[in-house]
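Residue numbers (the working numbering), protein chains in the order written: chain A, 1 to 154; chain B, 1001 to 1154; chain C, 2001 to 2154; chain D, 3001 to 3154.
The next block holds one structure in the form of structure tokens; read it before the comments.
There are 4 protein chains.
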Amino acid sequence: MPEEPGPMTSAASAARGTRCETEVEVRYAETDKMGVVHHANYVIWFELARTHLCALSGFHYAEIERLGYLLMVTGVEVRYRHPAAYGDRVRVACWADRLASRGIRFAYEVRRGDVLLATGHTDHVWVDAATGRPCRTPAQVRAPFERLAGLAEA
Amino acid sequence: MPEEPGPMTSAASAARGTRCETEVEVRYAETDKMGVVHHANYVIWFELARTHLCALSGFHYAEIERLGYLLMVTGVEVRYRHPAAYGDRVRVACWADRLASRGIRFAYEVRRGDVLLATGHTDHVWVDAATGRPCRTPAQVRAPFERLAGLAEA
Amino acid sequence: MPEEPGPMTSAASAARGTRCETEVEVRYAETDKMGVVHHANYVIWFELARTHLCALSGFHYAEIERLGYLLMVTGVEVRYRHPAAYGDRVRVACWADRLASRGIRFAYEVRRGDVLLATGHTDHVWVDAATGRPCRTPAQVRAPFERLAGLAEA
Amino acid sequence: MPEEPGPMTSAASAARGTRCETEVEVRYAETDKMGVVHHANYVIWFELARTHLCALSGFHYAEIERLGYLLMVTGVEVRYRHPAAYGDRVRVACWADRLASRGIRFAYEVRRGDVLLATGHTDHVWVDAATGRPCRTPAQVRAPFERLAGLAEA
């Protein structure tokens, strides 16, 4: 995450924002010769879940890009507990874990039924697409993302 | 396709079997620097649609593998008409286009709303997983796949 | 391929142009639960081989895009004969099989040692990136691509 | 990493083992609509670099699997500093960062020329393929992996 997250972060942690669940069906192409899902695919599932969470803010991420901004990934971490298999339907939960003036951390949990398969988070900075440089949270999406992070009344 | 498809094929063509539609939401990771979905992903969408069609036979493909058989891909063809974009929801139709004693051809159409984005087909042979050699359609799945191909009463 | 390829095509077929070989090492992530390379990856290998062939024209494909043109894929066909395994080093041969006023067909062969694993081709049309519409072969790359296709003196 | 890494780890950190560099050429399919390499691909590049490092132990990872063991991934972390573009040739350095009785941490650095693009690490546990359960480092590979980690004479 860029810069210190500041007090908003703890507020976000306290409040717990919107938790969005996305169902993913494991594709054959996502497996590897070990017989289960290749670990890189969880990063792609996280992104799909993040897309759905962002859409709940009222702005689909494709729309945010059209406004001229990117939420560039600066970090990814995944912990794997149990493998997923071809044909499994897993649920990927995603929420905004920390909100800073110039970036966001999203957190994730992947479950098959009650079994926790993996956890992780991704760090992002806002980038002005025109200049390619990091920037503050775009004015248009600031309030929607604060609501998403459970900071509506802040 | 291996060997001549034989008379069953024309019957299948005449009867038109089950047509299965699968909705796919375009993932960010599926796009490339041209800004639209990379062409290789249609092959993966075809496979997902094929999985759903096969499941309609009463045998999920994972179950067929557990019986000791594989439907190995021997050919793929895709024609691209219009690109798909991030966030699009496309529908992939799949049906068994030809049924032979030792293989199947599946056909596909990808649509966004009324717009036909791509068409294609894949050819497959049955393989005995234990020997790794081509084999006849496994007895257990023969009738279910004939029904799928619209050859139930044949 | 768009439009009839015209006489240049047969010339190209007659002359046989530059054949470019690219070595690819099979990645673990490219395998699937069948234990061998997933069939969609051949489409990606073709693209890598095509990049190398195009570079032999004197224009890296990234440079062609900077000139404002795209070689959009309109079709893909792959025939699979033998599987490739994790750790295998395969060679992907690529050549311009047909050259038309508005497009190209590239052909491919994938080999491991002397064993032919797969063959295929891809069809492309030139697109003006600014308008998104098909166009004639860009003037700058016309002669280089004709040389590539074995049509240098034509 | 499973269990406490124990004293071997610090020794490994002190000694610094073999550093293996792998050149990777960015594929078009690895880019996304942002115009640069999609972040999930670094995880796949790490795996390719890890394959090469493991091979320096005298055992290709495919051979280790044939012995009946897996080095299952339990965690991945990547930090992204600068993007990679289509056609770039990047170098992925990989080394065994920690060696424990039942697992390994590999570390990675991705560079284009002198520019550090990304860093990361992956955590692994040894798994007995027959039982699917974690196990001690297989006897056959123990000394080779200790040499790899710079613990040969320890």
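We put the beta carbon where it would ideally sit given N, CA and C, even for glycine.
Examine chain D for any beta-carbon lying closer than 7 angstroms to the beta-carbon of valine 78/A, and answer yes or no. yes
Among the residues of its own chain, which have a CB less than 8 angstroms from the CB of valine 26/A, if the five just before and after it don't count? Val37, Ala84, Ala85, Tyr86, Gly87, Asp88, Arg89, Val90
Which residues in the same chain have their Cβ closer than 7 angstroms to the Cβ of glutamate 3109/D, if we skip the five residues on either side of it in sequence? Ala3093, Leu3116, Thr3119
Secondary structure of valine 3141/D, DSSP reduced to three states: helix
Name, please, each residue of chain B whose Cβ falls closer than 7 angstroms to the Cβ of histidine 3038/D. Ala1029
Alpha-carbon to alpha-carbon, glycine 58/A and threonine 2022/C: 46 angstroms
By the criterion of Cβ-Cβ separation under 9 angstroms, what are the contact partners of isoleucine 2044/C in chain B? His1038, Ala1040
Beta-carbon neighbours of leucine 3048/D, restricted to chain C and to distances below 7 angstroms: Arg2027
Using the Cα positions of isoleucine 2044/C and arginine 2136/C, report the straight-line distance between them to the nearest angstrom. 26 angstroms
Leaving out five residues on either side along the sequence, give the residues of the same chain with a beta carbon under 7 angstroms from the beta carbon of arginine 1142/B. none
Assuming the contact rule is C-beta atoms closer than 8 angstroms, glycine 35/A and lysine 2033/C should be a hit. Round their C-beta distance to whole Å, please. 5 angstroms
Anything in chain A within Cβ reach of aspartate 2088/C, meaning under 9 angstroms, just list it in chain order. Simply none; closest approach about 12 angstroms.
Chain-ordered residues of the stretch 2051-2085 of chain C with a beta carbon less than 7 angstroms from chain B: Leu2070, Val2073, Thr2074, Gly2075, Val2076, Glu2077, Val2078, Arg2079, Tyr2080
I'd like to know whether the C-beta atoms of histidine 121/A and arginine 105/A end up nearer to each other than 7 angstroms. yes
Do valine 2073/C and histidine 1039/B count as a contact pair if the criterion is CB distance below 7 angstroms? yes
Using a Cβ-Cβ cut-off of less than 9 angstroms, list which residues of the stretch 3114-3127 of chain D approach chain B; keep chain order. none
Considering just the uninterrupted stretch of the beta strand (DSSP E) at glutamate 3063/D, what are its terminal residues? Counting along the chain, glutamate 3063/D falls outside any beta strand (DSSP E), though it belongs to the alpha helix (DSSP H) covering 3061-3066.
Please tell me whether tyrosine 2028/C and glutamate 3047/D are closer than 7 angstroms, where the distance is taken between their beta carbons. yes
Identified DSSP bridge partners for tryptophan 2045/C: For tryptophan 2045/C, which the question treats as bridged, DSSP gives no partner whatsoever.
In chain order, what are the residue ranges of uninterrupted beta strand (DSSP E) at least 3 long that sit wholly in the stretch 71-141 of chain A? 89-99, 103-112, 115-128
Same chain, Cβ closer than 6 angstroms to glutamate 2030/C, neighbours up to 5 away in sequence not counted: Val2037, Asn2041
Using the C-alpha atoms, what's the distance from arginine 3050/D back to valine 76/A? 19 angstroms
Glycine 68/A: which of Gly150/A, Asp128/A, Phe145/A sits nearest, CA to CA? Asp128/A
State the Cα-Cα distance for the pair serine 3101/D and alanine 1062/B, rounded to the nearest angstrom. 36 angstroms
Please report the residue range of the beta strand (DSSP E) in which glutamate 3021/D lies. 3020-3025
Check whether chain B comes within 7 angstroms of glycine 3035/D, counting only Cβ atoms and requiring the distance to be less than that. yes
Can you check whether the CB of alanine 2107/C is closer than 7 angstroms to the CB of aspartate 2114/C? no
C-beta neighbour in chain B for serine 2013/C, strict 7 angstroms: Because the pLDDT at serine 2013/C is just 44, under 50, the model does not fix this residue reliably, and the point stays unresolved.
Short check: CB of leucine 2053/C to CB of cysteine 2020/C, under 7 angstroms? yes
Would you kindly work out how many angstroms separate the C-alpha atoms of valine 3078/D and proline 3138/D, rounded to a whole number? 28 angstroms
Where serine 10/A falls: helix, strand or coil (DSSP): Any reading at serine 10/A must be qualified, since the residue scores a pLDDT of 36, below 50, and its modelled position is unreliable; the value itself is stated next. It is helical.
Does the Cβ-Cβ distance between alanine 1149/B and glycine 1017/B come in under 7 angstroms? yes
6 angstroms CB neighbourhood of arginine 147/A in its chain, flanking five on each side removed: none
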